[in-house]
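Read through the structure below, which is laid out as structure tokens, and then see the notes.
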Amino acid sequence: MVASELSPTSQAAGAGGPGGTVDESWPKAPVEWEADVVLRDGTVAHIRPITPADADRLRQFHNRQSDESIYFRFFAPLRELSDRDVHRFTHVDYHDRVALVAILNGEIVGVGRFDRIEATNAEVAFNISDHMQGKGIGSVLLEHLAAIAPEVGITRFTAEVLPHNRKMLMVFKDAGYEVSSHIEDGVVGLSFDILPTEQSKAVQLSREHRAESRSMRTILYPERVAIVGASRREDSIGALVLRNLIRARFQGELYPIHREAEEIQGLRAHRTIRDAPGPVDLAIVVVPAADAIEVVEDCGRAGVKSLLVLSSGFAESGEEGTRLQDRLRVTARGAGMRIVGPNSFGLINNDPGIQLNATLASVIPGRGQLGLFAQSGALGVAVLASAARRGLGISVFASAGNRVDVSGNDLMQYWIDDQDTTTVGLYLESMGNPRKFSRIARHLASVKPVIVVSSGVSQYAAPPGHRTRTPTVPPQAFDALLRQAGVIRVENVHQLFDVAQLTLHQPMPTGDRVAVVGNSDALGSLSASAAESWGLRVTHGPVSLLPHASAAEFAHALDAAFSDPEVDSVVAAFIPPLVTPDEEVSHAVRDVVAKYDKPCVATFLGMRGVDGGMRYTAADGQERSVPSYSMPEDGIRALRSVTRYAQWRAKDRGVPVAPVGIDRAHADALLDGWLEASPEGRALTRDETRELLGTYGIRPWPAIEVTDADEAVAAADELGYPVILKSTSPVVRHQPGLAGVRADLVDSDAVHDAHASLTERLGPLRADRFVVQRMAVPGVSCVLKATEDPLFGPVVSFSVAGPPTELLGDIAHRIPPLTDVDVADLINGVRAAPLLSGHRGAAPVHRAALADLIARLSVLTDDQPELASIELNPVNAWTGGVDVLGADVVISHALVRKDTGRRSLT
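Counting with our numbering, you get residues 5 to 910 for the letters of the sequence shown.
Here's what the structure looks like:
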């Protein structure tokens, strides 16, 4: 594509021998640029920087290319690469010249590169293997190069493409950038800015979604399944899995793999997976962990598409198992295969066209519309048993085990488009990539309910075998992440299915107004109290019929509740009537519910779950059922959760915050310079803090450090009266009653006296270090913080200063990137929020100015992972705006974020 690369004037960068000679002195390739990515067909490729050691691989790649591909790339019939060409292509400095390769099965299948031609402009080129074209490799390489380029100061790409190279032209056209083009000398010249736009980010996320969803479909809809480790012993795991596949009447072909047997359970056995007829879509591995690597290598050579590893003995068993698990992941991904497991409980797909039961459970729930995900095998057993006990059918079940590859994120990508799944339940014991979870879950929750059971994320270790970073932020940050994503969080499996049977079988409530109808005063009172305590409004009833009421009377009371325009949902709570048969009561409830598009939760003491007698066909033709709960509290709690979800779903999501007046390049340069001088990280000085925050439009008020009374007076004269004098010592900084502050100092005498007083009082505590600052107008003192967490990445926090923050822990959290609605929710998320609206006659604060400050802080911390912590304290919010009166910043080299803005499996 770039003809100039072969011009005689090109100079090879750096030293080193030609061809395959490796120059040990050459700069090391940045490991953070490496990634495993899912391609358009669901296979996995490894993206990494090119190195001098790739010389032979590059030659082989070039030799495999067709004449047309070579001409499209070099504008010349270059059948062989010279030593000088190979040296130039493999020796890049990772700054002005950057090249990435896509690797599959140890071979280069794609190359993407850029070469700086101006300070902020680079020429980009791609070369994709003939047999891999159309699988999205060019798009992936462009995304990764575009993410790397700003790190080295490049913001614009140019390219030259022959008009007949339509595939490459489409790579640029479909990337979501504003591409300008012109034709000169028979070549199409392209140029475009590469800083992310809403369109380019949307394109990237859409491609990621399609690729990962496709890879899951390959796993869940295999046509040919091999069981590696199938055994003739009936009590073995291999025999159990094969038996379950046969009993489920799997619609594809089954290939038992056994070194000696000719037949297992009536099926012809094969010595190795390479002996199995036809390409295998899914290999189920049930061999000992020590033998698993050899099996996976064999699967890779046989062209197996995906793996389900039920074997245990990996990271959950200790250090040696962890090493085996790492080799398992690297080996499988190197061959382009995705892995479920190891230590997985298995997979279920109840679609009649596949009927896959590749689990250790012989009895599974029937077909339904509930998608379930669990991690460990024990939880898989619990989840499946609970679903079966309640009579809830499932569409798909997956257990990730140690989730070395496939995780809940991948299943959610699949469920977004799966028409057979209308509700999703996830049991999460740990989370490897919360930022990616948040954005995928938000997408999924916008179209169907997502119910999450999680013990939370804390400083405690993840379950054995689950590799994850340890967070430093409080558990409330995880709660905030789930709220932002719109998922329904519950405490246990019992509550998961309480909610699921409501979302599966009833319409969404349109509000929080509830009617309570029953035949017991005590039960009605209990139901109404529970509804009120969980934030629902009882606007009808409680209505309590007599114990000997007839079925018609029950129906009349329910009709009145459902037809009330002030009612959004109905709670029906009944004890066994004295005269009317139980079935007549339940059928009366069912028949009335069927007439209305409002949800109902019912309690018939002694019944639980979705009973066949409560099923009905709604007016829109959907098959529904009235969910029944053992006690009213269970149903009302589920109704509360679903009501909140419905409100979130109907709510405006807002638009991403995009404050004006931001100079990211200047901030990058400042941080690079400070960290180069202090690689171990440090706290910034007051002047450095003001300069850095100023690049994002955050302007802390000046504060002048003073050592004696005369300096304090001089500082006050410089700033202008009135001023405050305050101690900078942490000993007294957060003491109530302004122990370390003297305020409203109107002249030099007041400053002099204040300094003397504070020095006498704080000197014995060694807290007599002071600053002078201009006096702010009265307002509400707030605290804004941003923390770079090892697991979550940036976390922004807001609170009202003083006792609400320090004593009550009244702090709200959000995970950037934020929308304007997220910012408003953050401000309103603290219990002390009424203080901002004019409490007891005080003037309300300038909400727009406070929101703008939070938006700037969120964008700053999202852009700059080197900001270990930022604290704006105090922030004075008042009618006329906000004043940042104090600011502290700590910088350090951060861990590579899990969700880096370019496609990558984690």
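Idealized CB from N, CA, C, for every residue including glycine.
In this text, all values refer to a predicted model and were calculated from it rather than measured experimentally.
Legend entry - Cβ-based neighbour list, T621, same chain, cut-off 8 Å, excluding 5 preceding and 5 following: A598, E627 and R628
Inset, instruction - Quick one: measure Cβ to Cβ for V41 and A33, integer angstroms, because I've assumed they're closer than 8 Å. - result: Not quite, the Cβ-Cβ distance comes to about 17 Å (not below 8 Å), so this is no contact.
Inset, instruction - From the DSSP output, in three-state form, read off W538 for me. - result: coil
Inset, instruction - Please look up how many angstroms separate the CB atoms of E227 and D279, rounded, as I've assumed it's under 8 Å. - result: So it is not a contact: roughly 18 Å between Cβ atoms.
Legend entry - Touching by the beta-carbon criterion (3+ pairs, under 8 Å), the segment 129-141 and the segment 191-203: no
Legend entry - Under the three-state DSSP convention, the category Q373 falls into: strand
Inset, instruction - With distances taken Cα to Cα, identify the nearest neighbour of A760 among V717, E188 and A780. - result: V717
Legend entry - Those residues which DSSP pairs with T791 across a bridge: V799 and S873
Inset, instruction - Less than 8 Å between the CB atoms is what I'm expecting for V113 and I74, so what's the real figure, rounded? - result: Not quite, the Cβ-Cβ distance comes to about 15 Å (not below 8 Å), so this is no contact.
Legend entry - Start and end residues, beta strand (DSSP E) containing V574: S573 to F578
Inset, instruction - Please check the pair L364 and F377, which I expect to be a contact at CB under 8 Å, by giving their CB distance rounded to whole angstroms. - result: At roughly 16 Å, the Cβ-Cβ gap does not stay under 8 Å, so L364 and F377 are not in contact.
Inset, instruction - Going by DSSP, name the residue or residues bridged to V518. - result: V542 and S573
Inset, instruction - Return the Cβ separation of P734 and A891 in integer angstroms, given the expectation that the two are a contact with Cβ distance under 8 Å. - result: So it is not a contact: roughly 15 Å between Cβ atoms.
Legend entry - N-terminal and C-terminal residue of the beta strand (DSSP E) that G114 is part of: E111 to E122
Legend entry - Distance, P479 Cα to D748 Cα: 40 Å
Inset, instruction - State the beta-bridge partners of H274 as determined by DSSP. - result: I261
Inset, instruction - Compute the Euclidean distance between the alpha carbons of R844 and A319, then round it to the nearest angstrom. - result: 59 Å
Inset, instruction - Determine the direct distance from the alpha carbon of P706 to that of R342, and round the result to whole angstroms. - result: 55 Å
Inset, instruction - Would you identify the three-state DSSP class for P660, choosing helix, strand or coil? - result: strand
Inset, instruction - Can you tell me the Cβ-Cβ gap for I519 and A555, rounded? I've got them flagged as a contact below 8 Å. - result: Note that residue 519 corresponds to Ala in the displayed sequence, not to Ile. 19 Å between Cβ atoms; not a contact.
Inset, instruction - If I'm right that D826 touches R818 with Cβ under 8 Å, what's the distance once you round it to whole angstroms? - result: 5 Å
Inset, instruction - Just confirm the distance between the C-beta atoms of S403 and G429, as a whole number of angstroms; I'd bet it's less than 8 Å. - result: The Cβ separation is near 13 Å, so there is no contact.
Inset, instruction - Helix, strand or coil for G395, going by three-state DSSP, please let me know. - result: coil
Legend entry - Alpha carbon of P546 to alpha carbon of S567, nearest angstrom: 15 Å
Legend entry - Short Cβ contact (7 Å threshold) for V102 with S143: no
Inset, instruction - Grab me the residues of L271's own chain with a C-beta within less than 7 Å of its C-beta, minus the 5 sequence neighbours each way, in chain order. - result: L258 and P260
Inset, instruction - Could you have a look at P53 and say whether DSSP puts it in helix, strand or coil? - result: strand
Inset, instruction - Confirm, please, whether the CB-CB distance from E875 to K789 is below 7 Å. - result: yes
Legend entry - Rounded separation between R305 and Y225 - CA only: 22 Å
Inset, instruction - Return the chain-ordered list of same chain residues with a C-beta closer than 6 Å to the C-beta of A933, the five sequence neighbours on each side being excluded. - result: There is no way to answer for residue 933, as the model of the chain reaches only from 5 to 910.
Inset, instruction - Inspect the beta-carbon positions of N248 and S366 and report whether they are closer than 7 Å. - result: yes
Inset, instruction - Have a look at the DSSP bridge pairing and note the partners of Q777. - result: A707 and I728
Inset, instruction - Select from D355, L360 and L328 the residue whose C-alpha is nearest the C-alpha of G345. - result: L328
Inset, instruction - Take R333 and list the residues in its own chain whose beta-carbon comes closer than 8 Å to its own, dropping the five residues that flank it on each side. - result: I343, V408 and D409
Inset, instruction - Quick one: grab the DSSP three-state call for W678. - result: helix
Inset, instruction - Could I get the ranges of all uninterrupted alpha helix (DSSP H) runs contained in the segment 277-312, with 4 residues as the minimum, in chain order? - result: 293-305
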